[in-house]
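Residue numbers (full-length UniProt numbering): 1 to 134.
Glycine is no exception: its CB is placed at the ideal position from the N, C-alpha and C atoms.
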Amino acid sequence: AEASSSGTAVPYLRTWNAVDDLPELREHYTPPPHFIDGFSRLDEGARPPFEWLFIGPSGAKTVLHEDIWGTDAWLAQLQGRKHFQLYHPAHRRYLETDGVLVDPSNPDLDAYPDFRKATAVETILMPGEVIYIP
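As structure tokens, then:
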């Protein structure tokens, strides 16, 4: 479960490698050529399982984070809307204290005194849209 915008826990299916459980999905999904990464060049057994499906209800929220290994990500919105608040990697010093990232929606300015120096780029992803995050 993840937090909702109201602060209560909501069910949120995350990092599900659906293609492992439902290989027939592969027939309906091919990454666009410009999203194919270096991992695809590895032998199948050496590839990390980074083709994930996330399913959450309205109001589900993911905490500020950096993707595993600092990898690029692309996300396709199937239904509903997803609000993104993105920060340049150089602003991490304003967002982190002792290895813990700030909650941008409720920043503790005593613990993160430089948070106001960080500039977010915000967007709303709509159904059928794709976002690429380097």
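- Cβ neighbours of W16 within its own chain (closer than 8 Å, five residues either side excluded): W52, L53, F54 and I55.
- Counting along the chain, R14 sits inside the beta strand (DSSP E) bounded by residues L13 to W16.
- For Y94, no beta strand (DSSP E) segment is defined; the enclosing uninterrupted segment is the alpha helix (DSSP H) at R92 to L95.
- Between the region 106 to 115 and the region 66 to 76 there are fewer than three inter-stretch CB-CB distances shorter than 8 Å, so the stretches are not counted as touching.
- Judged by DSSP in its simplified three-state form, V19 adopts helix.
- Within the DSSP bridge table, the entry for E122 names Q85 as partners.
- The alpha-carbon separation between G80 and D37 amounts to approximately 27 Å.
- The Cβ atoms of A60 and Y132 lie no closer than 9 Å to each other.
- Just measuring C-alpha positions, the residue of L22, R47, A9 and P89 sitting nearest T119 is P89.
- Nearest Cα to A9 within the set P57, D103, H83 and P49: P57.
- Excluding five sequence positions before and after T123, the CB atoms of its chain that fall closer than 6 Å to its own CB belong to F84, given in chain order.
- Taking a C-beta distance under 9 Å as the contact criterion, Y87 and R116 do not qualify as a contact pair.
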